[in-house]
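Trainee: My questions all concern the structure below.
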Amino acid sequence: MVDKILHEFVKECGYPRALDMFEKISSGKKLRSKLILKIAGQNEISLRLCAVIELIHLASLLHDDVIDDSTIRRGKPSINALYGSKNSIMLGDILYSKGYYEIVSLDPQIAKIISKAVLDLSIGEMMDVDLGSKFSPNLDEYLKMIELKTAVLIEASAKSAAIIAGIDSDSYANYGRNLGLAFQIVDDILDISADETTLGKPAFSDYKEGKTTLPYIFLYNALNLDDKEILKSLWGKELDENQTKWIKGKFDEFNIVHKCKEFAKELGYKAIASVSDEGLKEIVSSMIDREF
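Residue 8 is where the sequence shown starts when you use the working numbering, and the numbers rise one by one after that.
Written as structure tokens, this is what we have:
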């Protein structure tokens with residue numbers, strides 16, 4: 008039903024080329040929609056909210072792929088690889104704009120929450136670009152960036168769904184924020200631990216693209232001075248087999264993947280502690296234990 012509404016939303020824009028491009032976007036896990044439907048139930052309002060959130064999320068991914076020069080998204084060619092960066096950016100703008108157009112038909116309080124989340128998301132994107140200009144092992148900066156870039160929209164989804172359901176929105180917002188942080192950290196772990204086929208993109212892509220994610224922050228802080236310099240020298244570069252092997256060896260030596268998973272689990276526990284819904288607890292568990 009969410010996919011059907013999404014298709015209708017883009018079709019209503021009245022530009023067949025945009026619809027053709029939109030249909031080439033690989034469908035994702037729809038975590039945000041699952042949350043909304045789990046909290047608010049399936050009804051006309053919740054389904055439309057799902058579609059609005061998915062439009063916004065997809066728009067951010069289109070822009071992300073252009074910023075990162077990514078040619079693969081979820082195992083398939085990205086829109087910028089198929090149609091060029093200009094078209095990808097403009098399609099993202101169309102999806103953002105349609106999302107905002109549809110927001111006005113929702114509860115004003117929900118519209119305000121979603122709009123603020125998109126503002127924060129955009130700031131998070133800019134922070135990500137700024138942090139990507141240098142090797143940055145600052146944990147606080149990283150956590151703030153992923154909160155804005157990833158967690159705020161998941162938080163807004165959960166909070167808005169709680170408003171629809173008439174239940175404590177602050178508790179569900181807290182759940183969504185911690186789930187969102189854990190979700191991004193698991194993504195960062197998978198970049199170094201999953202194989203390319205499962206991941207749908209080349210492994211170690213983050214470091215090559217100049218992203219200093221949690222595994223690299225933890226690794227940097229565990230290394231001696233000489234190895235710190237080696238790790239920094241490999242940042243933002245196309246890694247050869249020996250360099251990749253060196254990084255993997257250091258990850259294993261200092262048990263970095265396990266430490267990152269424990270960090271994500273702690274956030275998951277905070278999310279679970281915020282709500283009593285068993286189904287939402289299962290979402291946390293399945294998200295942390297996922298392989299893609």
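Ideal Cβ placement from N, Cα and C applies to all residues, glycine included.
Keep in mind the model is a prediction, meaning the values are calculated, not measured.
Under 8 Å: do the stretch 205–224 and the stretch 141–150 share three or more Cβ pairs, one atom per stretch?
Mentor: Segments in contact, yes.
Trainee: Let me check understanding here. Comparing Cα to Cα, which of G139, D135 and K166 lies closest to E154?
Mentor: Among G139, D135 and K166, the Cα nearest to that of E154 belongs to D135.
Trainee: Taking 7 Å as the line, does the beta carbon of L65 fall inside it for any heavy atom of the ligand GTP?
Mentor: Looking at this structure, you won't find the ligand GTP or any other ligand, since it has none at all.
Trainee: In whole angstroms, what separates the C-alpha of A47 from that of I171?
Mentor: So the alpha carbons of these two residues sit roughly 6 Å apart.
Trainee: Assuming G131 is part of the alpha helix (DSSP H), what are its boundary residues?
Mentor: Its alpha helix (DSSP H) spans residues P115 to L138.
Trainee: Would DSSP call I295 helix, strand or coil?
Mentor: Three-state DSSP puts I295 in a helix.
Trainee: Which residues does DSSP pair with I79 in a beta bridge?
Mentor: Looking at the DSSP assignment, I79 forms a beta bridge with P84.
Trainee: Who are the Cβ neighbours of S212 in its own chain at under 7 Å, not counting the five residues just before and after it?
Mentor: D198.
Trainee: Could you have a look at F142 and say whether DSSP puts it in helix, strand or coil?
Mentor: The answer is coil: DSSP assigns F142 none of H, G, I, E or B.
Trainee: Measure from the alpha carbon of L126 to the alpha carbon of each residue in G139, A158 and S178, then state which is nearest.
Mentor: It is A158.
Trainee: Can you have a look at Y182 and say buried or exposed, based on whether 16 or more other CB atoms are within 10 angstroms of its CB?
Mentor: By the neighbour-count rule (16 or more Cβ atoms within 10 Å), Y182 is buried.
Trainee: Restricting to Cα atoms, I'd like to know which of E30, G91 and S200 is closest to G256.
Mentor: Per the Cα distances, S200.
Trainee: Between C57 and N249, what straight-line distance do the alpha-carbon atoms span, to the nearest angstrom?
Mentor: Those two C-alpha atoms are separated by around 45 Å.
Trainee: Any contact of the stretch 113–122 with the stretch 81–96, i.e. 3+ C-beta pairs under 8 Å?
Mentor: These segments do not touch.
Trainee: Hey, could you find the ends of the alpha helix (DSSP H) N249 is sitting in?
Mentor: Residues E248 to E260.
Trainee: In the DSSP assignment, find the unbroken alpha helix (DSSP H) run with C267 in it and report its ends.
Mentor: Start and end: I263 to S281.
Trainee: Quick check on DSSP: helix, strand or coil for Q191?
Mentor: Q191 falls in the helix class under three-state DSSP.
Trainee: Starting from E109 and walking both ways along the alpha helix (DSSP H), at which residues does that stretch end?
Mentor: That run of the alpha helix (DSSP H) goes S92 to I110.
Trainee: Considering only their Cβ atoms, is the gap separating V193 from I279 smaller than 8 Å?
Mentor: It is not a contact, given that the beta carbons lie outside the stated cut-off.
Trainee: Can you tell me whether T78 is buried or exposed? The criterion is at least 16 other CB atoms within 10 Å of its CB, across all chains shown.
Mentor: It counts as exposed.
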